[in-house]
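**Q** A single structure is presented below for examination.
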Amino acid sequence: MNITTEEIKNTIVIQINEERLDAHNSGELKAEVQSLFEKGKLSLLIDLKTVRFIDSSGLGALVSGFKNATTNHGTLKLSSLQPQVKSMFELTRLHRVFEIFPTVADALEG
Amino acid sequence: MRNRDIELDIKVPNQTRYLSLIGRIGEDIAREIDRFSGDRETLAYQINLVLTEAMTNAIKYGNSDCSDNCVHILINIAENELLIRIFDFGQGFDINEVQSPDFNQLEDRGRGIFLIREIMDSVTYIRNGDNGNVLEMIKQLD
Chain A
1 MNITTEEIKN TIVIQINEER LDAHNSGELK AEVQSLFEKG KLSLLIDLKT VRFIDSSGLG
61 ALVSGFKNAT TNHGTLKLSS LQPQVKSMFE LTRLHRVFEI FPTVADALEG
Chain B
111 MRNRDIELDI KVPNQTRYLS LIGRIGEDIA REIDRFSGDR ETLAYQINLV LTEAMTNAIK
171 YGNSDCSDNC VHILINIAEN ELLIRIFDFG QGFDINEVQS PDFNQLEDRG RGIFLIREIM
231 DSVTYIRNGD NGNVLEMIKQ LD
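Residue numbers (our numbering), protein chains in the order written: chain A, 1 to 110; chain B, 111 to 252.
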């Protein structure tokens, strides 16, 4: 999976450079998020700008990350959801769970 | 087979790396259906999603005894109906026992069948004689 991470204003911004977040690659994202929390990084932002497709496994990896954040007293925010991806969050009611921002800049200010 | 019917019979290795290939085929089908008046991009996403979810289930739970380690998918579009069948050779399960997720409980898993049911008009999972199981999904294309 092609992921880049960058620390901006004490937040780790995880950029997913994939069109799909699905059962094939979501395990790697889940492991990466878990690893960051274990290293003591408590403020994470996952930017989904390039992701145009997400399935239940992709959603599950993000939920796992959110639960990890709660356990570690940290935060996991999301940004840049494409319309079809956003509709998946609405269908599964996960838009009520995550803090979702239009852009990385908005999330870093929020 | 009528003039404008589409039928695809696909076998791919039971590996998740082929999910994107099957998903793309689903999206292309949505763009080819000439009797559909709704939002094609939404339909493309929906077909991609149900194929991805169903194939993931077949890979994870269904295909342990598949002699040729494949996932077998049949897609048929006739009249105003999309029919997808995915065959597996596993133990099978009672789809009627699969509950919708509890939205007040934050679980990592358990949304796949829910998503398929939300999108498709009919979803059944039955024993296919001596040939394993078949997940059959139907959507009306109005």
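Note that CB positions come from ideal geometry on N, CA and C, so glycine has one too.
1) I need the DSSP call for His182 of chain B, collapsed to helix, strand or coil.
2) Compute the distance between the beta-carbons of Asn206 of chain B and Gln250 of chain B, then report whether it is under 8 Å.
3) Given that Arg219 of chain B touches chain A, what residues does it touch there, using C-beta distances under 7 Å?
4) Which value, in whole angstroms, describes the spacing of the CA atoms of Thr11 of chain A and Gln125 of chain B?
5) Residues of chain B with CB closer than 8 Å to the CB of Leu91 of chain A, please, in chain order.
6) Can a CB atom of chain A be found closer than 8 Å to the CB of Tyr171 of chain B?
7) Can you pull the chain A neighbours of Glu163 of chain B, defined as C-beta to C-beta under 7 Å?
8) Given that Gly148 of chain B touches chain A, what residues does it touch there, using C-beta distances under 9 Å?
9) How would you label Asn214 of chain B, buried or exposed, when you count the other beta carbons within 10 angstroms and need 16 or more for buried?
10) Give a yes or no on whether the minimum CB-CB distance between Gly222 of chain B and chain A is below 8 Å.
11) What is the DSSP secondary structure of Thr126 of chain B, counted as helix, strand or coil?
12) Check whether the Cβ of Ala23 of chain A lies closer than 8 Å to any Cβ atom in chain B.
13) For Gln15 of chain A, write down the residues that DSSP places opposite it in a beta bridge.
14) Please report whether the beta-carbon of Asn206 of chain B lies at a distance below 8 Å from any beta-carbon of chain A.
15) Beta-carbon within less than 8 Å of Ser79 of chain A's beta-carbon, same chain only, minus the 5 sequence neighbours each way: which residues are those?
16) Please return the same chain residues whose Cβ sits closer than 7 Å to the Cβ of Ile143 of chain B, not counting the five positions on each side in sequence.
17) Would you report the Cα separation of Ser147 of chain B and Leu153 of chain B, rounded to the nearest angstrom?
18) Determine the closest residue to Asp106 of chain B out of B:Gly242, B:Ile139, B:Gly172, with distance taken between C-alpha atoms.
19) When DSSP labels each residue in this structure, what does Met247 of chain B get in the three-state scheme?
20) Report the neighbours of Asn179 of chain B on chain A: residues whose CB is nearer than 8 Å to its CB, in chain order.
**A** Straight from the coordinates:
1) Mapped onto the second sequence, residue 182 of chain B falls at position 72. His182 of chain B: strand per DSSP, three-state reduction.
2) By 1-based counting over the second sequence, the position of residue 206 of chain B is 96. By 1-based counting over the second sequence, the position of residue 250 of chain B is 140. No, the pair does not count as a contact, with Cβ atoms beyond the cut-off.
3) Position 109 of the second sequence, counted from the start, is the residue given in the question as residue 219 of chain B. What Arg219 of chain B touches in chain A: Gly60.
4) Indexing the first sequence from 1 puts residue 11 of chain A at position 11. Indexing the second sequence from 1 puts residue 125 of chain B at position 15. Thr11 of chain A and Gln125 of chain B have their alpha carbons spaced roughly 35 Å apart.
5) Taking the first sequence and counting its residues from 1, one reaches residue 91 of chain A at position 91. For Leu91 of chain A, the residues of chain B that pass the 8 Å Cβ criterion are Leu225, Glu228, in the order they occur in the chain.
6) As a first step, residue 171 of chain B must be located in the second sequence, where it is residue number 61. So no, Tyr171 of chain B is outside the interface.
7) Sequence index remark: in the second sequence, residue 163 of chain B carries index 53 (1-based). Neighbours of Glu163 of chain B on chain A, chain order: Asp55, Ser56.
8) Stepping through the second sequence from its first residue, residue 148 of chain B is reached at position 38. For Gly148 of chain B, there are no C-beta contacts with chain A under 9 Å, since the nearest C-beta of that chain is about 14 Å from it.
9) As a first step, residue 214 of chain B must be located in the second sequence, where it is residue number 104. Per the 10 Å Cβ criterion, exposed.
10) Taking the second sequence and counting its residues from 1, one reaches residue 222 of chain B at position 112. Answer yes: the Cβ-Cβ gap between Gly222 of chain B and chain A drops below 8 Å somewhere.
11) Residue mapping note: residue 126 of chain B aligns to position 16 of the second sequence, counting from 1. The answer is helix: DSSP assigns Thr126 of chain B an H, G or I state.
12) Here residue 23 of chain A corresponds to residue number 23 of the first sequence, with the count starting at 1. At least one chain B Cβ lies under 8 Å of Ala23 of chain A.
13) In the first sequence, residue 15 of chain A corresponds to position 15, counting from 1. Beta-bridge pairing links Gln15 of chain A to A:Thr4, A:Asp47.
14) Mapped onto the second sequence, residue 206 of chain B falls at position 96. No, no contact with chain A.
15) Within the first sequence, residue 79 of chain A is the residue found at index 79, counting from 1. Here the set comprises Leu45, Ile46, Asp47, Leu48, Lys49, Ile100, Phe101, Pro102, Thr103, Val104, Asp106, Ala107.
16) On the second sequence, position 33 is the one that residue 143 of chain B refers to. Only Ile187, Leu251 meet the Cβ criterion.
17) The sequence position of residue 147 of chain B within the second sequence is 37, counting from 1. The sequence position of residue 153 of chain B within the second sequence is 43, counting from 1. Near 10 Å, if we compare the C-alpha coordinates of Leu153 of chain B and Ser147 of chain B.
18) For residue 106 of chain B there is no data in the structure shown, the boundaries of chain B being 111 and 252.
19) For the purposes of this step, residue 247 of chain B is identified with residue 137 of the second sequence, where counting begins at 1. In the structure shown, Met247 of chain B sits in a strand (DSSP, three-state: E or B).
20) Residue mapping note: residue 179 of chain B aligns to position 69 of the second sequence, counting from 1. Under a criterion of Cβ atoms nearer than 8 Å, no residue of chain A is adjacent to Asn179 of chain B; the nearest Cβ is some 16 Å distant.
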